[in-house]
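J.: This is the structure I want to talk about, given as structure tokens.
Numbering (our numbering), first residue to last: 2 to 445.
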């Protein structure tokens, strides 16, 4: 019996495909002048492309890839990786130092390994905002050749806080008009967590009535919540199904986004969001979720006009202008790209609304920008083949000066499948609706 077992094992070792050999990798690390740390990994079979990776919100630890699986897949294909922690003495919203620290990391790595054939910025979430900032600042000394920005907070810090304020205010005002629920000016993350608990409880209680569900739907529409939740087998098409999905995302997301506001306010030196003077009927009229809200209000026998008028009349949050100026300087985008940039976004993103892509396309329309979309739920929920296909498209543009067809949905999907990583890439054609909470006009 033992002999038979050994024979079967031997046969399996012959018949089953061997795992790809892991290339030898040299690891480097260092510290920058502001105390930021950096790391780099360079495979022995380096292909000449260096990826300058910008990590997302929530940590001030150096990282040089989105996740372990993607890191290994990139190293196996010869890519060198580098990335910094950002300034460890600042806020978790590290935009004041991030681009500077990333470029300083690039200088430190180049001094050790030599000049790359190509340097491509890669970022996720807050890091997607950072990598796009780098793409807008890359002209000086030709620091970058291209950028890939994924699940990026492309609206920047001001739009981020404002759209969240819009939705949270609507929930607070419509569900508990006499309650005092602080929405800005947090002294600690715990203040935001407490407020998130209050709003989540109100939204959950409101699910018991048609009127409550309609009002929650208005709040989740302004929050740009995704329309397909984990409890639903397929994307819903009915107003009720969409509202249910957005409610489920709401209660899962508020405990993260509301405490996170503290760190943005810390970075800005005050509250940089406002709704005084905002016309909520005008916001909803342009929202991709307007018809869902209207259908639920009709079913509930409520006046949507009356609720929107009430929201507009009582909107009174004022921004600290110096905080707005600070966050505008450190944490926004201009659309003036210096290098080719490919963005990638999931269709159902609870933390970086896919509508941000619509907003940035208006800012940066032109030959340098291409956008791609993945049919998946969740923030930054990409698989390694999708990252690599996007990077390959950016490489092609950097080398040839042309996108050709490499950044099309079909080409990206084909390239991802050709990698044979068996991770089910899901590039799809998609056009996001408008992002409705951008409001520079109120600054003047």
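Cβ coordinates follow ideal geometry from the N, Cα and C atoms, glycine included.
#1: What span of residues does the alpha helix (DSSP H) with residue 111 cover, start to end?
#2: Measuring straight from C-alpha to C-alpha, what distance separates residue 430 and residue 163?
#3: Using the Cα positions of residue 122 and residue 66, report the straight-line distance between them to the nearest angstrom.
#4: Rounding to the nearest angstrom, what Cα-Cα distance links residue 239 and residue 432 in this structure?
#5: If I follow the unbroken alpha helix (DSSP H) through residue 398, where does it start and stop?
#6: Do the segment 331-350 and the segment 129-140 touch if we need at least three Cβ pairs shorter than 8 Å?
#7: Beta-carbon separation of residue 357 and residue 59 under 8 Å?
#8: Smallest Cα separation from residue 103: which of 119, 306, 299, 32?
#9: What residue range does the beta strand (DSSP E) around residue 53 cover?
#10: Got a sec, what are the start and stop residues for the beta strand (DSSP E) residue 84 sits in?
#11: Please state whether DSSP places residue 233 in a helix, a strand or coil.
#12: Could you check what DSSP says for residue 170 in three-state terms: helix, strand or coil?
#13: Assuming residue 45 and residue 25 are in contact, meaning their beta carbons sit under 8 Å apart, how far apart are those beta carbons, in whole angstroms?
#14: Assuming residue 197 contacts residue 259 under a Cβ cut-off of 8 Å, what Cβ separation, rounded to an integer in Å, is found between them?
#15: For residue 215, tell me which candidate among 192, 199, 172, 55 has the shortest Cα-Cα distance.
#16: If you follow the beta strand (DSSP E) that residue 187 is part of, which residue opens it and which one closes it?
#17: Quick one, are the C-beta atoms of residue 170 and residue 266 less than 8 Å apart?
#18: So does the segment 373-386 actually touch the segment 280-293, counting three or more Cβ pairs closer than 8 Å?
#19: Going by the DSSP bridge assignment, what does residue 373 pair with across the sheet?
#20: With DSSP as the reference, label residue 308 as helix, strand or coil.
#21: For residue 275, collect the residues of the same chain with a Cβ closer than 6 Å to its Cβ; drop the 5 residues on either side in sequence, then sort them by chain order.
#22: Which stretch, first to last residue, makes up the beta strand (DSSP E) that contains residue 250?
#23: Would you report the Cα separation of residue 387 and residue 185, rounded to the nearest angstrom?
#24: Hey, is the segment 68-84 in contact with the segment 294-307, meaning 3+ C-beta pairs nearer than 8 Å?
#25: Are there three or more Cβ pairs, one per stretch, closer than 8 Å when the segment 111-118 is compared with the segment 342-355?
#26: Keeping to the same chain, check which residues put their C-beta closer than 7 Å to that of residue 152; ignore five residues upstream and five downstream.
T.: Based on what the coordinates show:
#1: Here residue 111 refers to the residue found at position 110 of the chain shown. The continuous alpha helix (DSSP H) containing residue 111 extends over residues 99-114.
#2: As a first step, residue 430 is located in the chain shown; it is residue number 429 there, counting from the start. As a first step, residue 163 is located in the chain shown; it is residue number 162 there, counting from the start. Roughly 29 Å separates the two Cα atoms.
#3: In the chain shown, residue 122 corresponds to position 121, counting from 1. In the chain shown, residue 66 corresponds to position 65, counting from 1. Using only the alpha carbons, I get a separation of about 11 Å.
#4: Looking up residue 239 in the chain shown gives position 238. Looking up residue 432 in the chain shown gives position 431. Distance from the CA of residue 239 to the CA of residue 432, rounded to the nearest whole angstrom, comes to 20 Å.
#5: To locate residue 398, count along the chain shown from 1; it is residue 397. Taken as a continuous stretch (DSSP letters only), the alpha helix (DSSP H) holding residue 398 covers 385-401.
#6: By the C-beta criterion, the segment 331-350 is judged to be in contact with the segment 129-140, since at least 3 inter-stretch pairs fall below 8 Å.
#7: Counting from one through the chain shown, the residue named residue 357 turns up at place 356. Counting from one through the chain shown, the residue named residue 59 turns up at place 58. No. Outside cutoff.
#8: Residue numbering aside, residue 103 sits at position 102 when the chain shown is read from its first letter. Of the listed residues, the one whose Cα sits closest to residue 103 is 32.
#9: As a working note, residue 53 is residue 52 in the chain shown. Start and end: 50-55.
#10: Taking the chain shown and counting its residues from 1, one reaches residue 84 at position 83. Taken as a continuous stretch (DSSP letters only), the beta strand (DSSP E) holding residue 84 covers 81-85.
#11: By one-based count along the chain shown, residue 233 stands at place 232. Residue 233 falls in the coil class under three-state DSSP.
#12: Your numbering for residue 170 matches position 169 in the chain shown. Correct three-state label for residue 170: helix.
#13: The sequence position of residue 45 within the chain shown is 44, counting from 1. The sequence position of residue 25 within the chain shown is 24, counting from 1. That pair is a contact at about 4 Å.
#14: Residue 197 sits at position 196 when you count from the first residue of the chain shown. Residue 259 sits at position 258 when you count from the first residue of the chain shown. About 4 Å separates the two Cβ atoms, so the contact holds.
#15: If you number the chain shown from 1, residue 215 lands on position 214. Residue nearest to residue 215 within the set 192, 199, 172, 55 is 172 (criterion: CA-CA distance).
#16: Locating residue 187 in the chain shown gives position 186, where the first residue counts as 1. Here residue 187 belongs to no beta strand (DSSP E), and DSSP marks it neither H nor E.
#17: Here residue 170 is taken as the residue at index 169 of the chain shown, counted from 1. Here residue 266 is taken as the residue at index 265 of the chain shown, counted from 1. No, the pair does not count as a contact, with Cβ atoms beyond the cut-off.
#18: no
#19: To locate residue 373, count along the chain shown from 1; it is residue 372. Answer by DSSP bridge pairing, in chain order: 345.
#20: In the chain shown, counting from the first residue as 1, residue 308 sits at position 307. Residue 308 carries a helical assignment under DSSP once its states are collapsed to helix, strand and coil.
#21: Counted from its first residue, the chain shown places residue 275 at position 274. The residues are 318, 319, 320.
#22: What you label residue 250 is simply residue 249 of the chain shown in a count that begins at 1. Where residue 250 is concerned, there is no enclosing beta strand (DSSP E), although the alpha helix (DSSP H) it sits in stretches over 240-269.
#23: For the purposes of this step, residue 387 is identified with residue 386 of the chain shown, where counting begins at 1. For the purposes of this step, residue 185 is identified with residue 184 of the chain shown, where counting begins at 1. Roughly 37 Å between the two C-alpha positions.
#24: No, they do not touch.
#25: no
#26: If you number the chain shown from 1, residue 152 lands on position 151. Correct list, in chain order: 125, 126, 129, 346, 347, 350, 353, 380, 381.
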